[in-house]
Amino acid sequence: MITHRRLAFAWALVVCLLAGHNAWLWLGKRVNPDTDILALLPAGERDPVLQRSFTHMVDSAQQRVVVLVGAETWRDAVRAAAAFQAVLRPHADLLKEDAGANAQAAWLDGFTPHATLLVGAADERALRTQPARYWTENALARAYGAFGGPKLGSFRDDPFGLFANWMQERAGETPVRPRDGHLYVGGEGREYVLVTYTLAQSAFALSAQRRAVPLLDAAAAAARRAVPAAEVIEAGVVLHAAAAGSQASSEVETIGVGSMVGIVVLTWLTFRSVRPIGVIVLAIGIGFLGALSVCWLLFGRIHLLTLVFGASLIGVAQDYGLYFLCHRLGAGPHEDSVRLLRRLLPGLGLTLLAAVIGYMGLALTPFPGLRHMAVFSAFGLVFAWLTVVCWFPALIGPGTLRRGWLARRYRALVVRWPRVSARPKVLAALALLAVFAAVGCARLGTDDDIRSLQSSPQHLVRDQIKLGRLLDAPTPVQYYLVRGASDEQVLQREEALKRRLDPLVARGDITGWQALSNWVPSARTQAERLALLDATVLAPDGPLAALAQTLGEDRDWVAATRAHLRDRAKPLSAEAFLRTPASEPWRHLWLGKVDGVHASIVALRGMRYAAIPALSRAADELEGVQWVDKVGGISAVLGRYRAVMGAVVLGAYALVFLALLPRYRGRTWRVLAPTAAASVLTLAILGLTGQHLQLFHVLALMLLLGVGVDYGIFMQEDPQRGDDAPWLAVGLSAASTLLSFGLLALSGTPALRAFGLTMLLGTAFVWLAAPCFTITAKERHEATVTA
Amino acid sequence: MNYLPAAGLLLAALLGASAHAAAPVAKIQAMLAKPEQLCGRFEQSKQLAGMKKPLASSGRFCVVAGKGVLWRTLKPFPNTLRLSRDEIVQLQGDRVAMRMEASREPTVRMINGVLFSLLSGDLGQLDTLFEVDGTAGDGAWKVALKARNPALARAIGAISLEGGAYVRTIHMVEDSGDRTDIVFSDIRTGPGAFLPEEAAQL
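So the protein lines, in turn, are chains A and B. If you read the first sequence in full-length UniProt numbering, its first letter stands for residue 1, the second for the next number, and so on. If you read the second sequence in full-length UniProt numbering, its first letter stands for residue 1, the second for the next number, and so on.
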């Protein structure tokens with residue numbers, strides 16, 4: 001008694017320390033949980049150049065909010081857009097409007113010294129094939145025409161229109177056009193103003209989501225007030241993140257409230273008191289605080305997903321409390337709580353050991369994400385367990401609990417429960433179940449596609465698709481990464497890649513590409529082009545001379561014009577181009593020097609998903625060119641996580657079996673059998689209902705092992721006493737697990753739904769199966785004798 | 001987002017031209033006849049930077065409301081520019097020298113609209129893109145257009161128009177130094193204004 005009081009006091013000190021540390025972390029240091037999924041990926045898989053390319057392509061998009069404000073007429077669109085912009089303008093600290101069309105002053109100046117060298121693909125072909133007369137006629141038409149085709153600068157700057165055509169080709173890379181100081185896109189019978197914003201914080205920061213989304217809504221409403229028929233299309237990672245967040249929190253609210261109410265009612269019906277819930281929540285809460293402190297001390301950071309999954313795994317700790325409480329209920333007033341605890345300690349110890357073994361298996365995987373969760377959950381369980389052991393006897397004395405209606409009725413259920421034995425009827429039933437399981441499992445496919453985990457609201461997805469179509473924007477998650485020893489080599493390799501892509505454009509697999517070499521040809525290409533121009537349009541007795549003759553100019557004019565054009569043929573370098581304002585929209589394509597390697601991105605427009613294999617093949621055998629498919633990449637990582645987790649689950653079963661062997665001997669299989677059978681049946685049902693196995697199913701199976709082993713141990717601990725306490729503990733635990741995790745099966749988030757459904761089926765099966773594997777005292781005696 | 005200021009310059013370039021005056025636009029609008037279709041002759045003189053002699057050309061033009069513009073240079077050599085709702089085509093003899101499609105180049109419709117307004121003197125339409133400054137007297141008016149957008153202004157330079165019931169002259173002075181003067185004559189309206197080959201082309 002005295003020892004236990006000291007123990008309780010010592011534990012109170014530890015809890016104070018934990019509370020202090022947590023208060024310092026959250027209130028003093030104001031730590032924020034990580035939200036970047038990539039932080040959970042294995043560090044070894046990070047190729048720095050590849051990583052940088054992700055940052056350029058995706059993270060720049062992550063901070064972006066793109067808005068199209070459209071109307072029947074341009075004038076209305078501009079009016080609606082002005083109303084939209086006016087709402088956001090005072091909030092530039094959160095959403096900063098990008099420079100847009102007003103950034104174009106002196107835009108062309110950067111190209112002037114190089115203009116002669118900038119020739120489009122079609123004209124380059126024509127230079128190789130068309131006779132001199134073609135170019136003379138071309139120049140004459142331009143000289144005389146009042147509205148003679150695209151023209152940049154004066155006639156003598158570009159007599160053959162080569163530079164203008166090149167610029168038009170570049171313009172073709174996007175349908176966005178400046179118009180009256182705005183950016184304009186037309187399509188589908190409407191005219192749109194394009195406005196883009198940069199979010200000051202990460203799109204995954206909750207504070208950013210909470211402020212940005214209502215602001216954008218207010219801006220859209222203002223646009224519609226200004227022009228009732230206005231259409232506002234918005235896209236941005238922040239919108240998806242906020243939608244996912246609000247969906248999750250509203251679900252957590254409804255599911256959480258539902259399960260809480262259910263559990264309170266259940267406990268009342270069992271114990272005629274809600275105190276048990278209070279003490280169990282206390283145990284889990286201390287577990288959570290302890291886990292957080294240890295994780296922070298070990299890793300120096302905490303990830304949001306770790307918190308979410310870890311917290312759910314700590315939920316297993318309720319079993320310890322319930323086990324004690326049910327025995328307290330069954331023990332009667334003559335046995336004091338400390339003695340009762342001593343009696344229960346071996347069983348409680350083993351349940352903790354089994355769970356910790358299971359979770360530590362996760363810690364051995366190469367995935368930091370899983371490792372964090374493992375440490376978090378294992379320590380959480382230990383802290384919760386210690387709370388039960390140190391404090392529960394003091395908190396729940398004899399006579400605190402009374403048998404409620406449910407506790408009285410529930411016992412009768414188990415008496416006539418079928419048992420596993422060698423009777424023919426039972427064997428036949430088992431065989432039937434085995435066939436069912438085999439058929440179901442055989443049908444189970446796998447699906448690791450990250451896209452199947454997305455659950456953005458329909459209207460966001462629709463907006464995103466429409467925006468992508470109107471803007472003909474390149475996909476940010478599939479692209480080519482080009483590397484080389486120098487800028488020049490990178491540009492040459494880009495050009496080689498583009499030659500490979502030409503047939504894919506012709507086939508309609510892609511509509512085009514964006515690459516820096518579109519703007520800055522490699523030095524080699526520039527030299528070849530100048531030689532070509534010298535041999536054709538700039539040739540001494542070529543088209544220029546013929547033109548002079550027709551227009552009545554002399555040889556001096558020819559020489560002067562030729563010199564003028566030659567003067568505008570200075571080599572253009574990537575570096576120089578990147579310094580011009582014209583390069584602003586393309587800078588994300590150029591990674592520059594990363595870890596001693598020069599690298600760039602070739603982005604694709606109008607990509608068909610079906611063309612991904614062909615696009616991937618286009619990079620084959622091209623030195624320094626790598627096809628990057630981030631969707632595919634994350635999916636592959638998820639797939640590996642799934643496979644590794646599957647192995648971990650199996651390994652955990654083996655380890656738990658070994659841990660239990662010294663105590664249960666020949667009965668050990670009976671502890672694990674209900675969980676194993678329930679897992680297999682769950683998989684079978686998933687297979688039969690056409691679901692595809694993914695990581696979250698497997699994570700749930702891991703949790704199920706933690707839960708199920710507890711039930712197995714409880715049921716095996718003291719069957720000889722004919723006590724109903726274990727059965728009641730299992731029933732209560734299973735019911736509350738079903739209420740808390742099983743209800744996640746109703747979630748709209750696919751990952752949570754998969755997790756919840758597995759828990760729902762699995763927990764129900766373990767519950768039903770646990771009594772089937774118990775043995776009576778007589779059987780136990782016989783078993784010991786034969787062994 | 002990726003955008004291209006250059007494309008705005010394209011529009012500027014197609015218009016190719018600076019001037020100022022005060023704006024009784026409504027008065028001018030009232031003076032202008034607004035025929036469904038109008039055809040006539042033009043005489044054009046261009047002075048290109050760095051060249052001694054002006055380049056003179058002449059031909060015919062037609063403007064049809066809702067359809068587009070046909071600009072046919074006949075001398076010194078044939079060259080046709082056709083602007084319709086969906087495309088801009090330049091023909092050198094029979095050869096297509098240039099084609100811009102609205103589906104690929106959204107500004108085509110805008111260019112078409114501006115040229116149409118310019119040739120038919122529809123100042124109300126031009127008002128969206130330009131500041132219109134001018135004077136109106138006895139049956140004659142004169143306006144100067146200044147692009148509202150600085151980039152466009154830089155590329156186009158200045159355009160000035162003179163006319164009465166119809167536009168009579170257009171002067172364009174580009175920042176690059178190239179200048180163009182166009183004088184219209186022999187203007188006819190109504191269905192009979194077309195030559196058969198013009199009706200076929202538009």
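All C-beta atoms in this analysis are idealised placements derived from N, C-alpha and C, irrespective of residue type, glycine included. As the structure is a computational prediction, the values presented were derived from the model and not from experiment.
Taking residue i and residue j to be in contact with their CB atoms under 8 Å, please state how far apart those CB atoms are, rounded to whole angstroms.
i: proline 474(A); j: alanine 603(A); result: 4 Å
i: cysteine 772(A); j: tryptophan 391(A); result: 35 Å between Cβ atoms; not a contact.
i: alanine 761(A); j: isoleucine 685(A); result: Note on residue identity: the sequence assigns leucine, not alanine, to residue 761(A). Indeed they touch by this definition, with Cβ atoms about 6 Å apart.
i: histidine 588(A); j: methionine 57(A); result: 7 Å
i: arginine 60(B); j: leucine 74(B); result: 7 Å
Considering just the uninterrupted stretch of the beta strand (DSSP E) at residue i, what are its terminal residues?
i: proline 474(A); result: 474 to 484
i: alanine 599(A); result: 597 to 605
i: phenylalanine 42(B); result: 37 to 47
i: residue 788(A); result: Because chain A spans 1 through 787 in this model, residue 788(A) falls outside it and cannot be assessed.
i: glutamate 553(A); result: Here glutamate 553(A) belongs to no beta strand (DSSP E), and DSSP marks it neither H nor E.
Spell out whether any CB of chain B is found under 9 Å from the CB atom of residue i.
i: alanine 12(A); result: no
i: glycine 28(A); result: no
i: arginine 179(A); result: yes
i: threonine 561(A); result: yes
i: glutamine 478(A); result: no
i: leucine 282(A); result: no
i: glutamate 72(A); result: no
i: histidine 114(A); result: no
i: tryptophan 557(A); result: yes
i: aspartate 157(A); result: yes
i: glutamate 126(A); result: For the sequence presented, residue 126(A) should be read as alanine rather than glutamate. It does not: the Cβ of alanine 126(A) has no partner Cβ on chain B nearer than 9 Å.
i: leucine 140(A); result: yes
i: glycine 468(A); result: no
i: glutamate 253(A); result: no
Hey, quick one: how far does the alpha helix (DSSP H) through residue i stretch, first residue to last?
i: glutamine 694(A); result: Note, glutamine 694(A): premise wrong, no alpha helix (DSSP H); not H, not E.
i: cysteine 772(A); result: Premise fails: cysteine 772(A) is in no alpha helix (DSSP H) and is neither H nor E.
i: glycine 124(B); result: 123 to 126
i: lysine 466(A); result: 458 to 471
i: serine 57(B); result: Element bounds for serine 57(B): not the alpha helix (DSSP H) but the beta strand (DSSP E), 55 to 64.
i: histidine 327(A); result: 318 to 331
i: proline 503(A); result: 487 to 506
Determine the closest residue to residue i out of the options, with distance taken between C-alpha atoms.
i: threonine 321(A); options: Ala82(A), Ala141(A), Leu728(A), Tyr653(A); result: For the record, residue 321(A) in the displayed sequence is glycine; it is not threonine. Taking only the C-alpha atoms, the option nearest glycine 321(A) is Leu728(A).
i: proline 76(B); options: Ala56(B), Ile159(B), Thr128(B); result: Ala56(B)
i: phenylalanine 111(A); options: Ala582(A), Leu344(A), Ser747(A), Leu744(A); result: Ala582(A)
i: isoleucine 255(A); options: Thr763(A), Thr758(A), Arg753(A); result: Arg753(A)
i: valine 698(A); options: Asp447(A), Leu544(A), Arg608(A); result: Asp447(A)
i: isoleucine 28(B); options: Ala165(B), Ser185(B), Gly113(B); result: Ala165(B)
i: arginine 6(A); options: Val389(A), Glu72(A), Leu516(A), Asp47(A); result: Val389(A)
i: arginine 617(A); options: Leu501(A), Ala354(A), Leu406(A); result: Leu501(A)
i: alanine 700(A); options: Ala678(A), Ser421(A), Gln716(A); result: Ala678(A)
i: aspartate 98(A); options: Arg423(A), Val482(A), Leu199(A); result: Leu199(A)
i: leucine 413(A); options: Ala222(A), Asp724(A), Gly310(A); result: Asp724(A)
Of all Cβ atoms in chain A, is any one closer than 9 Å to the Cβ of residue i?
i: alanine 21(B); result: The predicted model places alanine 21(B) with a pLDDT of 36, which falls under 50 and marks its position as unreliable; any figure quoted below should be read in that light. No, its Cβ sits nowhere closer than 9 Å to a Cβ of chain A.
i: alanine 126(B); result: The displayed chain sequence assigns leucine, not alanine, to residue 126(B). No, leucine 126(B) does not count as interfacial toward chain A.
i: aspartate 186(B); result: no
i: proline 196(B); result: no
i: arginine 148(B); result: yes
i: serine 84(B); result: no
i: glutamine 29(B); result: no
i: alanine 49(B); result: yes
Are at least three pairs of beta-carbons, each pair with one atom in the region 317 to 326 of chain A and one in the region 280 to 295 of chain A, less than 8 Å apart? The region 317 to 326 of chain A makes contact with the region 280 to 295 of chain A, as at least three CB pairs between them are under 8 Å.
At least three beta-carbon pairs within less than 8 Å, the region 117 to 127 of chain B to the region 163 to 182 of chain A: No, because fewer than three Cβ pairs between the region 117 to 127 of chain B and the region 163 to 182 of chain A fall closer than 8 Å, the two stretches do not touch.
Flag this pair as touching only if the region 131 to 151 of chain B and the region 178 to 191 of chain A have three or more C-beta atom pairs under 8 Å; answer yes or no. Flag = yes, the region 131 to 151 of chain B and the region 178 to 191 of chain A touch.
Stretch-stretch touch, CB-based, cutoff 8 Å, three pairs: the region 506 to 515 of chain A with the region 627 to 638 of chain A: no
Taking three-plus beta-carbon pairs below 8 Å as touching, is the region 255 to 275 of chain A in contact with the region 73 to 90 of chain A? Taking a contact to require three or more Cβ pairs closer than 8 Å, the region 255 to 275 of chain A and the region 73 to 90 of chain A do not qualify as touching.
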